[in-house]
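Remarks on the structure that follows.
Protein chains in written order, with this note's numbering: chain A, 859 to 1060; chain B, 859 to 1060.
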């Protein structure tokens, strides 16, 4: 059986769980102990020398890191990934957008607000993180203004990738009022078959 | 004919040019005028609402942003992308590594060193960027210690994606002495058929 090495409260790990649930694939979840530096043990570094969760164990010795690469691997040949070449590339476009222009701002702001002390010096990063996060949300709003889902008006792993930290943006202090199309899309994702919420979110 | 909207001195744009050259695909290069905010014109934003180069125009009206999504699109069905599902996911793994753990440090440090005034306040970011950049180079060194190329010991778009800013890391002030496996791999990439150098690099 496939195993996921992850952290339940991480949006990047939640993506993998959501895809596995929606694809009705059996899996075992192995919670990594972040309090004790669980991604820097020799066993973990053998799976991912970049010391990050999630890692998908396809079989013992066959490991795949990087949440969006895992999504692509799981979704190939299923309804969660279009068969047509250009549409598949557009799914990747939005997943690279997520990892480069969205997650480094919204997820990092959420981490600082939710998991660090209110007096932590990293709070100084929040204005810049929120500015860039709003830029990403504005790009999504513009795209979703005329579409139901990110690619081909069909639910795909591009939506899963972007849902993970977008729905958690209020936890990072983002006001979602200016993004009605994004808010409608969040509801459509939540209504998709087999949807499960992220651990620890309201 | 395909068109690339790009900036010659950008590593992300160079990736696309290198792949097109190595695949011997005809294309037209459209240099975007960054001095006059050329990614924020209405015409450019219609191609990429995220206002970034490169964009591949497959045909008029059919545009694909995000360098690594473009690489995947171009390489499908060619020798630059493995046919096997897990190997293809590993190619994506390294491309997501590149965009999340490598480019934001090495490319940004290069930009600050190479294109901003020596007294620019952003130079204060360099120590942290270099620390993170060295972490990425160390991950690459560990992986390449026992391999010729990133995935399956065969040259692929994962190598193209990582070559672009790794070979330019010295311009960002990175000392490459601790990375002999990376240096050998750079030479193997440069010896691959159809290789062309990046504009403006020594």
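Where a beta carbon is used, it is the ideal one built from N, C-alpha and C, also for glycine.
Quick caveat: nothing in here was measured; it's all calculated off a predicted structure.
How many angstroms separate the CA atom of residue i from the CA atom of residue j?
i	j	result
residue 1019 of chain B	residue 948 of chain B	13 angstroms
residue 863 of chain B	residue 910 of chain B	10 angstroms
residue 1027 of chain A	residue 1051 of chain B	46 angstroms
residue 1066 of chain B	residue 924 of chain A	Residue coverage of chain B in this structure runs from 859 to 1060, which leaves residue 1066 of chain B outside it and unanswerable.
residue 871 of chain A	residue 1023 of chain B	28 angstroms
residue 987 of chain A	residue 969 of chain B	20 angstroms
residue 1037 of chain B	residue 1003 of chain A	47 angstroms
residue 1025 of chain A	residue 882 of chain B	43 angstroms
residue 1049 of chain B	residue 1032 of chain A	48 angstroms
residue 899 of chain B	residue 985 of chain B	34 angstroms
residue 905 of chain B	residue 919 of chain B	8 angstroms
residue 1045 of chain B	residue 1035 of chain B	15 angstroms
residue 892 of chain B	residue 884 of chain B	25 angstroms
residue 1011 of chain A	residue 943 of chain A	16 angstroms
residue 983 of chain B	residue 978 of chain A	19 angstroms
residue 957 of chain A	residue 992 of chain A	15 angstroms
residue 894 of chain A	residue 973 of chain A	16 angstroms
residue 975 of chain B	residue 935 of chain A	50 angstroms
residue 961 of chain B	residue 1005 of chain A	31 angstroms
residue 897 of chain B	residue 1030 of chain A	29 angstroms
residue 939 of chain A	residue 939 of chain B	18 angstroms
Pull up the DSSP beta-bridge partners for residue i, would you.
i	result
residue 923 of chain A	A:913
residue 889 of chain B	B:864
residue 1012 of chain A	A:1009
Suppose contacts are defined by Cβ-Cβ distances below 7 angstroms. Is residue i in contact with residue j by that definition?
i	j	result
residue 965 of chain B	residue 869 of chain B	yes
residue 861 of chain B	residue 890 of chain B	no
residue 1009 of chain B	residue 945 of chain B	yes
residue 1047 of chain B	residue 879 of chain B	no
residue 912 of chain B	residue 971 of chain B	no
residue 901 of chain A	residue 859 of chain A	no
residue 1057 of chain A	residue 867 of chain A	yes
residue 914 of chain B	residue 922 of chain B	yes
residue 1016 of chain A	residue 952 of chain A	yes
residue 980 of chain A	residue 963 of chain A	no
residue 950 of chain A	residue 930 of chain B	yes
Assuming residue i and residue j form a contact by the criterion Cβ under 8 angstroms, report the distance between their Cβ atoms to the nearest whole angstrom.
i	j	result
residue 926 of chain B	residue 955 of chain A	The Cβ separation is near 11 angstroms, so there is no contact.
residue 865 of chain A	residue 907 of chain B	Rounded, the Cβ-Cβ distance is 32 angstroms, inconsistent with contact.
residue 941 of chain A	residue 877 of chain A	Residue 941 of chain A to residue 877 of chain A, Cβ: 17 angstroms. No contact.
residue 994 of chain A	residue 1042 of chain A	Residue 994 of chain A to residue 1042 of chain A, Cβ: 17 angstroms. No contact.
residue 1014 of chain A	residue 1007 of chain A	7 angstroms
Should residue i be counted as a contact of the ligand ADP given a C-beta to heavy atom distance under 6 angstroms?
i	result
residue 895 of chain A	In the structure shown, the ligand ADP is absent, as is every other ligand, since no ligand is present at all.
The region 936-947 of chain A: positions lying closer than 9 angstroms to chain B by Cβ: Closer than 9 angstroms at the C-beta level to chain B, one finds these residues of the region 936-947 of chain A: 943, 944, 946 and 947.
Short-range partners of chain C found in the region 949-983 of chain B, where Cβ spacing is below 9 angstroms: The structure shown contains no chain C; its protein chains are A and B.
Interfacial residues, the region 922-933 of chain A to chain B, with Cβ spacing under 7 angstroms: 922, 923, 924, 926, 927, 930 and 931
Against chain A: residues of the region 1000-1019 of chain B by CB proximity under 9 angstroms: 1000 and 1001
Residues within the region 882-914 of chain B neighbouring chain A, beta-carbon criterion of under 7 angstroms: Answer in chain order: 907 and 908.
Near-chain A residues of the region 1022-1041 of chain B - C-beta to any C-beta below 8 angstroms: none
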